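Undergrad: Residue numbering for the sequence shown follows my numbering, beginning at 614 and increasing consecutively.
Note that the Cβ used here is the ideal one computed from N, Cα and C, for glycine as well.
Computed from a predicted structure; not experimentally measured.
Pasting a structure here, questions to come.
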Amino acid sequence: MGIPELKISFMEAKNRDLEGATTGVVLLILKETTLSGIHEYLSIEDVKEEYTPTNLQYIKDAFIGNVQDIKVGVNNLEARAYTPSKVIVCIVNETFTLDKALEECEGYEFNYMCMPDATDEVENPSVAVEVSNQKTSVSTKKGWVQENGKWYYYIDGKKKVGWLKSGTKWFYMKPDEGEMAVGWLQYNKHWFYFNKNGYMLTGEQTIDGKKYKFNSEGYLL
Numbered sequence: 614m615g616i617p618e619l620k621i622s623f624m625e626a627k628n629r630d631l632e633g634a635t636t637g638v639v640l641l642i643l644k645e646t647t648l649s650g651i652h653e654y655l656s657i658e659d660v661k662e663e664y665t666p667t668n669l670q671y672i673k674d675a676f677i678g679n680v681q682d683i684k685v686g687v688n689n690l691e692a693r694a695y696t697p698s699k700v701i702v703c704i705v706n707e708t709f710t711l712d713k714a715l716e717e718c719e720g721y722e723f724n725y726m727c728m729p730d731a732t733d734e735v736e737n738p739s740v741a742v743e744v745s746n747q748k749t750s751v752s753t754k755k756g757w758v759q760e761n762g763k764w765y766y767y768i769d770g771k772k773k774v775g776w777l778k779s780g781t782k783w784f785y786m787k788p789d790e791g792e793m794a795v796g797w798l799q800y801n802k803h804w805f806y807f808n809k810n811g812y813m814l815t816g817e818q819t820i821d822g823k824k825y826k827f828n829s830e831g832y833l834l
């Protein structure tokens, strides 16, 4: 199971060596009638939305990743699994068309793109064009990159520090080395909280069994 079992192959959107695939990001474009939006998951346990059984299996398969035979020594082959560090799911429906979805996804960084239920006549060519556009980008580090278990955001090869808006979410990249903040953070005498996915929480939240309230800018009230 895993990536090769999907109905169409994942198309590589960025040139990375195999070792880099362990920190790759997969973009899945899925058709749903009752769901909408773009969702980011670091593991299958993060999936709370009620996808159709078929789409949920696609997401599970994406997290399994890809198994490839790597030549070790002269005559030996060793099976190695390359699993993504994140899966981004972009949902298309009657109101949020594929063209709109591809335009929205330009704000996200990913290594592989797949639309399992794409039609050959219209949708596959659109996805292929998007992949081609992604491949023309520079090979320097760009966007979200995981290094030694920590997340960083690169702009033209340099680590971003301070506040960062990625998609619709706000993140804080620590000023010392650019590491993504997780948990409580005090900034300009205000307290903020960033969940395990790194984005800032707003509204009423339960953290470690206690209830807290944050305003629309993330300030703890």
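1. Can you give me the C-alpha to C-alpha distance between residue 578 and residue 702, rounded to a whole angstrom?
2. Measuring alpha carbon to alpha carbon, tell me which of 796, 661 and 764 ends up nearest residue 831.
3. Report yes if the CB atom of residue 791 is closer than 8 angstroms to the CB atom of residue 772, and no otherwise.
4. With the cut-off set at 8 angstroms, would you say residue 657 and residue 673 are in Cβ contact?
5. Just checking my contact of residue 722 with residue 638 at CB under 8 angstroms: how many whole Å lie between their CB atoms?
6. Going along the chain, which residues of its own chain have a beta-carbon closer than 8 angstroms to the beta-carbon of residue 663, five neighbours each way excluded?
7. By how many angstroms is the C-alpha of residue 805 removed from the C-alpha of residue 758?
8. Grouping DSSP H, G and I as helix and E and B as strand, with all else coil, what is residue 716?
9. For the candidate residues 667, 659 and 765, whose alpha-carbon lies nearest to that of residue 642?
10. Which residue comes first and which comes last in the alpha helix (DSSP H) that contains residue 676?
11. Would you please state the rounded distance, in angstroms, between the beta carbons of residue 591 and residue 807? I believe it to be under 8 angstroms.
12. Start and end of the beta strand (DSSP E) containing residue 786?
13. With DSSP collapsed to three states, give me the class of residue 663.
14. What residue range is occupied by the uninterrupted beta strand (DSSP E) comprising residue 655?
15. What do you get for residue 711, buried or exposed, if any count of 16 or more other CB atoms within 10 angstroms of its CB means buried?
16. Grab the span of the beta strand (DSSP E) containing residue 791 for me, first residue to last.
17. For residue 834, is the classification buried or exposed, using 16 other Cβ atoms within 10 angstroms of its Cβ as the cut-off for buried?
18. Answer yes or no: do residue 700 and residue 654 have a C-beta to C-beta separation smaller than 8 angstroms?
19. Below 8 angstroms between beta carbons: does that hold for residue 787 and residue 770?
20. What does DSSP give as the partner residues of residue 807 in its beta bridges?
21. Does chain B have any CB closer than 8 angstroms to the CB of residue 763?
TA: So, from the listed chains and residues:
1. Outside the shown range of the chain (614 to 834) lies residue 578, about which nothing can therefore be said.
2. Scanning 796, 661 and 764 for the CA closest to the CA of residue 831 turns up 796.
3. Remark: C-beta atoms of residue 791 and residue 772 approach each other more closely than 8 angstroms.
4. Yes, these two residues count as a Cβ contact at 8 angstroms.
5. About 6 angstroms separates the two Cβ atoms, so the contact holds.
6. Within the same chain, residue 663 has close Cβ partners 647 and 648.
7. Spanning the alpha carbons of residue 758 and residue 805 requires a straight line of approximately 23 angstroms.
8. Per DSSP, reduced to three states, the secondary structure at residue 716 is helical.
9. Cα-wise, what sits closest to residue 642 is 667.
10. In the DSSP annotation of this structure, the continuous segment of the alpha helix (DSSP H) that includes residue 676 starts and ends at 666 to 677.
11. In the structure as shown, the chain begins at 614 and stops at 834. Residue 591 is therefore absent and cannot be evaluated.
12. DSSP places residue 786 in the uninterrupted beta strand (DSSP E) bounded by 782 to 786.
13. Collapsing the DSSP output to three states places residue 663 in coil.
14. No beta strand (DSSP E) holds residue 655; DSSP gives it neither H nor E.
15. That one is buried.
16. Segment: none, residue 791 is in no beta strand (DSSP E) and carries neither H nor E.
17. By the 10 Å Cβ count, residue 834 comes out exposed.
18. Cβ atoms of residue 700 and residue 654: closer than 8 angstroms.
19. No, they are not a contact pair.
20. Residue 807 is bridged to 796 and 813.
21. Looking at the structure shown, chain B is missing, and only one protein chain is on hand.
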